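Novice:
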Amino acid sequence: MVLVKINLQQRTSTGRFAIRRQYSWKNAGCISTDNLTDSPDPRRFQRCQLIDLHDKLVPYQQAWDFQRTLVDKCILDSEKGRFESHAAVILQHPSVYTLGAGSTEDNILFDTEKSSIPLFRTERGGEVTYHGPGQLVLYPILNLQRLGRADLHEYMRSLEEVVIMALREVSGIQGGREPGLTGVWVDGQKVAAIGIRAKRWVTYHGLALNVTTDLTPFEAIVPCGISDRAVGSVKSLLLKGNRASGDSRANVVQDDLELITEYRYALLEAFQSVFGLELSVVHYGSQDQPESLILESA
């Protein structure tokens, strides 16, 4: 296994993305300083290993098992005084439906025994959702106590902020929040879902952003248990010309690969900024790649 510091200064083919080097903990979006501890210093960047599989389709069970392995490692390292064991996995999934721990099956509108799309009940929060190609999924494995922010509600708001920043940076789309609801919304459409779990303040599961996702499978469920709101994607919004008023970028829709690549950069940069992290890419060779990850190109 080789660790390489991630270079988010590398530009995409459109040349639009540029990393910000200055980070202000207090001024970063939706970050509360009320519950910070004196140690560690939250203004200091903490290292985070990045498993970058954004262009791979990772079967859900394998990614789920891998997350739990990373969580257990993070907890064990903390017990041994090795505190900087944060990790993040970015990937895509083949088509799959997932339920939260307390989800009702009333929101499933298809015959599960006849469906070609698998269904998993997980330990995350939230109701049923869909994952599939064209959707970027970010699974942060973060020790919130070590980050000085042991507050799960604030953590979810921070994940929302990551998506909001990425939408604005890449496409000039103004994402926002809806009162009483989780996720990121644009014109009443949910473009990003969030469902998390924490074990001894170490997080897993995370956020899913519909970039170029085929939205048809969402019609077979009541997404996140919300029956009166639609699901959207970045691509569908751009096709409708959805950009901020006065945005100077050309009102064109990039091809699918370009959108995925740009949003990979934007999500990771926003993730670094919001959480005060320094990402280092973990490259797995053919001999030391985890057996639990059998990868297929997206």
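As numbered in UniProt numbering, residues 1 to 298 make up the sequence shown, in order.
Glycine included, each C-beta is placed from N, C-alpha and C at the ideal position.
Predicted model only: the values in this text are computed from it and were never measured.
Could you check which residue in A166, F218 and R197 has the C-alpha nearest to that of S95?
Specialist: By 1-based counting over the sequence shown, the position of residue 95 is 95. Among A166, F218 and R197, the Cα nearest to that of S95 belongs to F218.
Novice: Check R149 in the structure and name its three-state DSSP category.
Specialist: Counted from its first residue, the sequence shown places residue 149 at position 149. Reduced to three states, the DSSP call for R149 is coil.
Novice: Which of the three DSSP states, helix, strand or coil, is assigned to G225?
Specialist: Position 225 of the sequence shown holds residue 225. Looking at G225 - three-state DSSP - the assignment turns out to be helix.
Novice: Does DSSP put Q174 in a helix, in a strand, or in coil?
Specialist: Within the sequence shown, the letter at position 174 stands for residue 174. In this structure, Q174 counts as coil in the three-state DSSP scheme.
Novice: From H54, F45, P179 and D77, pick the residue whose C-alpha is nearest to that of E262; which is it?
Specialist: For this step, residue 262 is matched to residue 262 along the sequence shown. With distances taken between Cα atoms, E262 lies closest to H54.
Novice: So, with DSSP's three-state summary, where would you put A88?
Specialist: Walking along the sequence shown from the start, residue 88 turns up at place 88. Three-state result, A88: strand.
Novice: CA-CA distance, S115 and N107?
Specialist: Taking the first residue of the sequence shown as position 1, residue 115 is located at position 115. Taking the first residue of the sequence shown as position 1, residue 107 is located at position 107. In a straight line, the C-alpha of S115 is about 15 Å away from that of N107.
Novice: By the DSSP assignment, the alpha helix (DSSP H) with K235 in it spans what residues?
Specialist: Translated into the one-based positions of the sequence shown, residue 235 becomes position 235. Per DSSP, K235 belongs to the alpha helix (DSSP H) from V234 to L239.
Novice: Our contact map puts L136 next to I226 with C-beta atoms below 8 Å; I'd like the distance itself, whole angstroms only.
Specialist: Along the sequence shown, read from residue 1 onward, the residue named residue 136 stands at position 136. Along the sequence shown, read from residue 1 onward, the residue named residue 226 stands at position 226. The Cβ separation is near 21 Å, so there is no contact.
Novice: Tell me A192's beta-bridge partners as DSSP assigns them.
Specialist: If you number the sequence shown from 1, residue 192 lands on position 192. In DSSP, A192 forms a bridge with V184 and L209.
Novice: Helix, strand or coil: which one does DSSP assign to F110?
Specialist: On the sequence shown, position 110 is the one that residue 110 refers to. Correct three-state label for F110: coil.
Novice: Which partner residues does D52 have in the DSSP bridge list?
Specialist: Translated into the one-based positions of the sequence shown, residue 52 becomes position 52. Bridge partners of D52: I90.
Novice: Leaving out the 5 sequence neighbours to the left and right, which residues in its chain are closer than 8 Å to F120 when beta-carbon positions are compared?
Specialist: In the sequence shown, residue 120 corresponds to position 120, counting from 1. These residues qualify, in order along the chain: Y60, Q61, W64, V96, Y97, T98 and L99.
Novice: I'd like to check one pair, I141 with V222: are the Cβ atoms closer than 8 Å?
Specialist: Within the sequence shown, residue 222 is the residue found at index 222, counting from 1. Within the sequence shown, residue 141 is the residue found at index 141, counting from 1. No.
Novice: State the Cα-Cα distance for the pair residue 300 and K190, rounded to the nearest angstrom.
Specialist: Summary: the structure shown does not reach residue 300, with the chain confined to residues 1 through 298, and so no result is reported for it.
Novice: Kindly indicate the opening and closing residues of the alpha helix (DSSP H) around Q135.
Specialist: Locating residue 135 in the sequence shown gives position 135, counting from the first residue. Looking at the DSSP string, Q135 is not in any alpha helix (DSSP H); the run it does join, the beta strand (DSSP E), is Q135 to I141.
Novice: Since F120 is in the beta strand (DSSP E), which residue starts that stretch and which ends it?
Specialist: On the sequence shown, position 120 is the one that residue 120 refers to. Here the beta strand (DSSP E) through F120 covers L119 to R121.
Novice: Return the first residue and the last residue of the alpha helix (DSSP H) that L215 is part of.
Specialist: As a first step, residue 215 is located in the sequence shown; it is residue number 215 there, counting from the start. Premise fails: L215 is in no alpha helix (DSSP H) and is neither H nor E.
Novice: What does the Cβ neighbour count give for K235, buried or exposed, with the cut at 16 atoms within 10 Å?
Specialist: For the purposes of this step, residue 235 is identified with residue 235 of the sequence shown, where counting begins at 1. Classification for K235: buried.
Novice: Apply the 10 Å Cβ neighbour rule to E105 and answer buried if 16 or more other Cβ atoms are within range, or exposed otherwise.
Specialist: Mapped onto the sequence shown, residue 105 falls at position 105. Classification of E105: exposed, given that the 10 Å Cβ count is below 16.
Novice: What are the start and end residues of the beta strand (DSSP E) that includes residue 309?
Specialist: Absent from the structure is residue 309, since the part of the chain shown begins at 1 and ends at 298.
Novice: Please return the same chain residues whose Cβ sits closer than 8 Å to the Cβ of I196, not counting the five positions on each side in sequence.
Specialist: Sequence index remark: in the sequence shown, residue 196 carries index 196 (1-based). Cβ neighbours of I196 beyond the five flanking positions: R124, G125, L152, Y155, M156, L159, T203, Y204, H205 and G206.
Novice: Measure the C-alpha to C-alpha separation of T213 and E269 and round it to an integer number of angstroms.
Specialist: Looking up residue 213 in the sequence shown gives position 213. Looking up residue 269 in the sequence shown gives position 269. Going from the Cα of T213 to the Cα of E269 covers about 22 Å.
Novice: Return the first residue and the last residue of the alpha helix (DSSP H) that T69 is part of.
Specialist: To locate residue 69, count along the sequence shown from 1; it is residue 69. Where T69 is concerned, the enclosing alpha helix (DSSP H) stretches over Y60 to E79.
Novice: Return the residue from the list E79, R47, E178 and P133 that minimises the CA-CA distance to I117.
Specialist: Numbered from 1 along the sequence shown, position 117 holds the residue referred to as residue 117. Nearest C-alpha to I117: P133.
Novice: If you draw a straight line from the alpha carbon of D111 to that of A220, how long is it in whole angstroms?
Specialist: As a working note, residue 111 is residue 111 in the sequence shown. As a working note, residue 220 is residue 220 in the sequence shown. Going by the C-alpha atoms only, they are around 10 Å apart.
Novice: Since residue 343 and T122 are thought to touch, with beta carbons under 8 Å apart, how far apart are those beta carbons, to the nearest angstrom?
Specialist: This structure does not reach residue 343, given that the chain is present from 1 up to 298, and the question cannot be answered.
Novice: In whole angstroms, what separates the C-alpha of L238 from that of L91?
Specialist: Here the question's residue 238 lines up with position 238 in the sequence shown. Here the question's residue 91 lines up with position 91 in the sequence shown. The straight-line gap from Cα to Cα measures roughly 22 Å.
Novice: What does DSSP give as the partner residues of S158 in its beta bridges?
Specialist: Position 158 of the sequence shown, counted from the first residue, corresponds to residue 158. According to DSSP, which records beta bridges pairwise, S158 is partnered with nothing at all.
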